[in-house]
Amino acid sequence: MKTAIPDSTVDDPRVRPELILGGNDFTTVTDKVAGLMERPRPPRAWYIAFAVSLALTGVLVAMIGYLVLTGVGVWGLNNPVGWGFDITNFVFWVGIGHAGTLISAILFLFRQKWRTSINRFAEAMTIFAVVCAGLFPAIHVGRIWLAWWLFPLPNQQQVWPNFRSPLLWDVFAVSSYMFVSLMFWYMGMIPDLATLRDRAKTKVRQIVYGIFSLGWRGSNRQWHRYERAYLLLAALATPLVVSVHSVVSFDFAASQLPGWHTTVFPPYFVAGAIFSGFAMVMMLIIPARQYFGLKDIVTMRHLDNMSKIILATGSMVGFAYAIEFFMAWYSGNPYEMFTFLNRAMGPYSWAYWIMVSCNVLTPQLFWFKKLRGSIPVLFVASILINVGMWFERFVIIVTSLSRDFLPGSWLSYTPTYVEILTFAGSFGLFFTLFLLFVRYLPMVAMAEVKSVMPQAHLEEGIHKGLGDYWGDMPQQHGEKGGHHRGGKS
Amino acid sequence: MTAAQKHSGTPVQGAAPVPDTGVFGLLAEFQTVPQLMAAAEKVRDAGYIHWDSHTPFPVHGLSDAMGLKPTRLPYVVLAGGLIGGAVGLLMQWWMNAIDYPLVISGKPLFSIPANIPVMFELTVLCAAIGAFLGMLVMNGLPALYHPLLTNDRFRRATADRFFISIEADDPKFDAEGTAGFLRSLGSSAVEEVRG
Amino acid sequence: MQRADITKDNLQLGARAAKVTWLAGAIGLVAIAAAVLLGLLSSDGGESFATAYLTAFVFFLTLALGALFFVLLQHVTGAGWGVVVRRPAEAIAGVFPLFAVLSIPLLFNLHSIYPWAGGEAASDHVLAGKAAYLNVPFFLIRWIAYFGIWSLMASYFRRTSARQDGSGDPALTIKMERLSAPGMVVFALTATFFSFDVLMSRDPHWYSTIYGVYLFSGSVVGFCAVLPLLTLSLQRWGRIQHAVTREHYHDLGKLTFAFVVFWAYIAFSQFMLMWYSNIPEETSWYLRRLSGPWSGFSLILLLGHFVIPFWLLISRGVKRRPATLAFAASWVLLMHLLDVYWLTMPESSPTSLGFSLMHVLCLAGVGALMIAAVTYNLSRSALIPVGDPRLDESLSFENV
Chain C
626 MKTAIPDSTV
636 DDPRVRPELI
646 LGGNDFTTVT
656 DKVAGLMERP
666 RPPRAWYIAF
676 AVSLALTGVL
686 VAMIGYLVLT
696 GVGVWGLNNP
706 VGWGFDITNF
716 VFWVGIGHAG
726 TLISAILFLF
736 RQKWRTSINR
746 FAEAMTIFAV
756 VCAGLFPAIH
766 VGRIWLAWWL
776 FPLPNQQQVW
786 PNFRSPLLWD
796 VFAVSSYMFV
806 SLMFWYMGMI
816 PDLATLRDRA
826 KTKVRQIVYG
836 IFSLGWRGSN
846 RQWHRYERAY
856 LLLAALATPL
866 VVSVHSVVSF
876 DFAASQLPGW
886 HTTVFPPYFV
896 AGAIFSGFAM
906 VMMLIIPARQ
916 YFGLKDIVTM
926 RHLDNMSKII
936 LATGSMVGFA
946 YAIEFFMAWY
956 SGNPYEMFTF
966 LNRAMGPYSW
976 AYWIMVSCNV
986 LTPQLFWFKK
996 LRGSIPVLFV
1006 ASILINVGMW
1016 FERFVIIVTS
1026 LSRDFLPGSW
1036 LSYTPTYVEI
1046 LTFAGSFGLF
1056 FTLFLLFVRY
1066 LPMVAMAEVK
1076 SVMPQAHLEE
1086 GIHKGLGDYW
1096 GDMPQQHGEK
1106 GGHHRGGKS
Chain X
13 MTAAQKHSGT
23 PVQGAAPVPD
33 TGVFGLLAEF
43 QTVPQLMAAA
53 EKVRDAGYIH
63 WDSHTPFPVH
73 GLSDAMGLKP
83 TRLPYVVLAG
93 GLIGGAVGLL
103 MQWWMNAIDY
113 PLVISGKPLF
123 SIPANIPVMF
133 ELTVLCAAIG
143 AFLGMLVMNG
153 LPALYHPLLT
163 NDRFRRATAD
173 RFFISIEADD
183 PKFDAEGTAG
193 FLRSLGSSAV
203 EEVRG
Chain L
1481 MQRADITKDN
1491 LQLGARAAKV
1501 TWLAGAIGLV
1511 AIAAAVLLGL
1521 LSSDGGESFA
1531 TAYLTAFVFF
1541 LTLALGALFF
1551 VLLQHVTGAG
1561 WGVVVRRPAE
1571 AIAGVFPLFA
1581 VLSIPLLFNL
1591 HSIYPWAGGE
1601 AASDHVLAGK
1611 AAYLNVPFFL
1621 IRWIAYFGIW
1631 SLMASYFRRT
1641 SARQDGSGDP
1651 ALTIKMERLS
1661 APGMVVFALT
1671 ATFFSFDVLM
1681 SRDPHWYSTI
1691 YGVYLFSGSV
1701 VGFCAVLPLL
1711 TLSLQRWGRI
1721 QHAVTREHYH
1731 DLGKLTFAFV
1741 VFWAYIAFSQ
1751 FMLMWYSNIP
1761 EETSWYLRRL
1771 SGPWSGFSLI
1781 LLLGHFVIPF
1791 WLLISRGVKR
1801 RPATLAFAAS
1811 WVLLMHLLDV
1821 YWLTMPESSP
1831 TSLGFSLMHV
1841 LCLAGVGALM
1851 IAAVTYNLSR
1861 SALIPVGDPR
1871 LDESLSFENV
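Residue numbers (our numbering), protein chains in the order written: chain C, 626 to 1114; chain X, 13 to 207; chain L, 1481 to 1880.
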């Protein structure tokens, strides 16, 4: 492996930077990515991480078991504060689950080819985050064995769900999202599973990868429809991903509660979801590219681009905070004004200021190229952003509920150890699934990465500089920039 | 029944006799994308019908080089979306306004604005299922057996090599002539694939 | 596809511009003078003039705001495809100084446009609470700030790009990219508060945090419709015939489609939340728009601003043929006008649509002056940024 990787973050408008560095060609990309899954055993760190995650998952199972056997009284919920950690965690995890589809679908439609190095990773993260998210509404309903009543299935009471409730929209939005993300993820993986099948040395691998690759043989008649299907799925997933967090925001905004009911919630929640999702991708990919030797596939430029998206969405979130505050005053409504002052100066003001400093101030670091190029800064900032986004949901939910219209019914909320451990356990579940993913499935979309490498295109002719993001622009004054690539042509 | 048996049972118009020898066809390997593209254009122009290119990733422009027509997949997706949307709306109308009418928060029993989110989600869901399943069905997947997958060289079709396969049931197929033709296109190896 | 050959293209507007500028300018001035005169003669204290003028002013101004956003977006993303259509966008964004002047009739009529500026404000305790923000001097200060900032931003990006025509210096591109990011922040702030000031405060009791996003989405829709119409006219006049290809039109069509859907999303979000929560102080605004003749108008907006353009623009063929794209773009532009009308008029005319000759005169006047300004701006430099380092990429752009 090359040790020196050239800096592709330099801005030169005359040349599109190369996406994949280190002189890779199709063979080395395949070997590098597939090789990770073909090692007889993963590094020791994987086992340690897996053991910790599995133990935390055990904590999650125990806490849920305790909750089911005892009742929701084991949580710190009370009369005004009927939603606490449960829904905070739900919104937090759903938000995390937005980056995957954003990278796969929206950046695809925007022809951002750099997404190919990170999309598989982010899609996997999306699915595991949605799994964690789906858990919380299911367990907070009380009698969780009746959670299937959420779906329009015939039951012995002959009652149908109330479709005019935002909570039911949520059921449909999150389950559709889960299903579509899963299809998108799996479909993207079929060619790579075929690669693994064709490289498989053991019978078990041949059979398992053989079944899941569905007999894919890279035929262009197949690719032809596959690419169309991918484009259509991207075009469908884009409004879907926006709708999911909009519907989540409706859970709050369709109410009449000050601090919840505000019209900017849908786009603001979507921006916040993308913000936190990208931060989570960043947080996971920094160690992954380090550990698995993927620095030439997930380059500094990828991190640079991601931090710019984090800056943009973080600023949108900060902007929405400001507009909400202004409008609370402008509304002339004393309850609105009180709610916002209470957030900033009331009993939960510590949470509010954690939120503001993590979500609004932290991403401002990314205005500076030097800081965007520093791995420790990126890593710490992405953790802080995730902390901040969790607190954002906590602030919205708890401050508004604990002090609403009637001072006589105010009550504050303190989580119990069960809630805290359940939340910690959900991280265990997330990381367990994630570690299994990096062990057994291709964490970089090999076929897609290959398609954006210079070797995938003709030297001359119809592909020159077609808004592709892979480079090869002719220099300004006549002379050709030539291929700035290592590798063979 | 293997693919080759199936193919050999099909009557073929044209002069070339169909060799009923259990041969699936010929597989030609290419090293680079430009070579493959040039070869695909020539195979297309030579008038072959039952042939295909195999690449580890979608090669931009190859469908044109092969002369493929646009796929009809978008219509499947459109149909899926329309069905999903209609089912979504009718379901909500029937369940909330007809079968179990219940007044909630002063909203009409059938309130379109409140029904849009679920209708939208089902539209997208069904359209996406249409795209996914439509792609699989049109591509003949899942297919757990294919003669090409028995070829060792073909294993690199999903990694770093490019192939053109011409099937034996193509009217213009002729074991000797076609192999020579493929070699003349710059193929680094031409092999017979048995099915 | 090869890089488009622009060596034979006519890249200058030339003498044609002066003629159009003078003619359109004269028509504009006459129409506005007629509208003012009609207003002075009417017995309503100038209210019909002021509201009609406001509609026209906001409609055309939003196109320029959309253009400014487009220019900023091109730079902030380092986009390659849109280089050949950036000049027309820069020219449209260059009309802010004109609109600063055109706002004078509005500023003289604040009392008949905004209840908070009139006599009844003193007796309304809600308005008294908002007086720190909604008062005439502060409004004027903000107004000057908006137009000053927008004029400066638009002029900076237009001039820098024009400077690059001669030198081809890539450092200028980097400089514009650097400034476009904070430019976006400034744009978001000014455009949002402008929307609160100019339209939302028409009903000063009502408020909606998404209002700025709503007006923004409509502005971009309007601009996306104007841009292909403008480049098509330029090509009709024999300019930039090879530089702008059907690939660019296809992409502009996609952008229009995307923002039409975005507009619908924002409009639905605002409506849904107010309809669902059913809080009287919020629903009053929708009640006005959903009763009497306005209910039909709202339905037309739903169909015309979303459903019809959605199905029109989803087709690849429509976006790639100049004639069909021109039709779709004109339709969308008309709908954006209806949208602005729908935002502006019901407050002063709740029981009728209130359309009159005054609207025709004001639209013709402001529109003609805008055309004059845009043609003048276009004539000041080449019609495409010939020195842009990404010009080649744009010229050989092809949709996948």
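Note that CB positions come from ideal geometry on N, CA and C, so glycine has one too.
Values in this document were obtained by computation on a predicted structure and should not be read as measured data.
* Asked: According to DSSP, is L1491 of chain L helix, strand or coil?
  -> coil
* What in chain X is Cβ-close to M1752 of chain L, meaning under 7 Å? -> P125
* Asked: Between the C-alpha atoms of I1087 of chain C and A1504 of chain L, what's the straight-line distance to the nearest angstrom?
  -> Note on I1087 of chain C: pLDDT 36, under 50, position unreliable in the model; the coordinate value appears next. Computed Cα separation, rounded: 43 Å.
* Asked: Does the beta carbon of K1105 of chain C sit closer than 8 Å to a beta carbon anywhere in chain L?
  -> The predicted position of K1105 of chain C is uncertain, since its pLDDT is 33 and thus under 50; a value taken from the coordinates is nonetheless stated next. Output row for K1105 of chain C: interface = no.
* Within 8 Å, strictly: CB atoms of G189 of chain X and G34 of chain X -> no
* To do: Could you tell me which residues DSSP pairs with L1587 of chain L in its beta bridges?
  => None; L1587 of chain L has no bridge partner.
* **Exposure label - A1611 of chain L; buried when at least 16 CB within 10 Å** => exposed
* Asked: For chain X, is any of its Cβ atoms less than 8 Å away from the one on Y1756 of chain L?
  -> yes
* To do: May I ask you to report which of helix, strand or coil DSSP gives R1726 of chain L?
  => helix
* Could you check if D711 of chain C is buried or exposed, using at least 16 other CB atoms within 10 Å of its CB as the buried criterion? => buried
* Asked: In chain C, what lies closer than 9 Å to D64 of chain X by C-beta?
  -> R842, S844, N845, R846, Q847
* To do: Can you give me the start and stop residues for the alpha helix (DSSP H) that I178 of chain X sits inside?
  => It is not in any alpha helix (DSSP H) - I178 of chain X instead sits in the beta strand (DSSP E) that spans 174–179.
* Asked: Among residues of its own chain, excluding the 5 on either side of V1556 of chain L, which ones have a beta-carbon nearer than 8 Å to its beta-carbon?
  -> E1657, S1660, A1661, G1663, M1664
* Distance, Cα to Cα, D186 of chain X vs M1068 of chain C? -> 44 Å
* Cβ shell of T135 of chain X (< 7 Å), same chain only, five flanking positions each side left out -> G93, G96, G97, G100
* Hey, is E949 of chain C's beta-carbon within less than 8 Å of any beta-carbon in chain L? -> yes
* Asked: Would you say G189 of chain X reaches chain C, if we count a Cβ-Cβ gap shorter than 8 Å as a contact?
  -> no
* R206 of chain X, DSSP secondary structure in three states -> strand
* Asked: Taking DSSP as the reference, what is the three-state secondary structure of D64 of chain X?
  -> strand
* 7 Å Cβ shell around Y1856 of chain L - same chain, five flanking residues per side excluded -> A1497, T1501
* Counting pairs of Cβ atoms below 8 Å between the segment 1758–1774 of chain L and the segment 1804–1811 of chain L, do you hit three or more? -> no
* To do: Using 10 angstroms around the beta-carbon of L1707 of chain L, count the other beta-carbons present and answer buried if the total reaches 16, otherwise exposed.
  => buried
* To do: Evaluate V686 of chain C with the Cβ neighbour count: other Cβ atoms within 10 Å of its Cβ, from every protein chain shown; 16 or more gives buried, anything less gives exposed.
  => exposed
* For a contact meaning CB atoms closer than 8 Å, what does T1653 of chain L contact in chain C? -> P638
* What in chain L is Cβ-close to T888 of chain C, meaning under 8 Å? -> S1688, T1689, I1690, Y1691, S1749, Q1750, L1753, M1754
* **Cβ neighbours of G155 of chain X in the same chain (closer than 7 Å, five flanking residues each side left out)** => The sequence shown places Ala at residue 155 of chain X, rather than the Gly named in the question. Contacts found: none.
* Inspect the beta-carbon positions of I769 of chain C and S901 of chain C and report whether they are closer than 8 Å. => no
* To do: Check the Cβ of Q881 of chain C against every Cβ in chain L and list those closer than 9 Å, keeping chain order.
  => S1757, N1758, I1759
* To do: Determine the contact status of E203 of chain X and W63 of chain X, defining contact as a CB-CB distance below 8 Å.
  => no
* At 7 Å on the CB atoms, spell out the chain C contacts of A1611 of chain L, in chain order. => What A1611 of chain L touches in chain C: nothing, since even the nearest Cβ is about 10 Å away.
* Quick one: is L1009 of chain C buried, meaning 16 or more other Cβ sit within 10 Å of its Cβ, or exposed? -> buried
* What three-state label does DSSP hand A1573 of chain L in the structure shown? -> helix
* Just tell me which of X:G59, X:L90, X:T162, X:V88 has its CA closest to the CA of R822 of chain C. => X:T162
* **Contacts that V130 of chain X makes with chain C (C-beta to C-beta distance below 8 Å)** => F788, L793, W794, F797
* **Whole runs of the alpha helix (DSSP H) within the segment 45–114 of chain X, excluding any shorter than 4 residues** => 45–57, 74–78, 85–105
* Apart from the five residues just before and just after T1057 of chain C, which ones in its own chain have a Cβ nearer than 6 Å to its Cβ? -> S678, L679, T682
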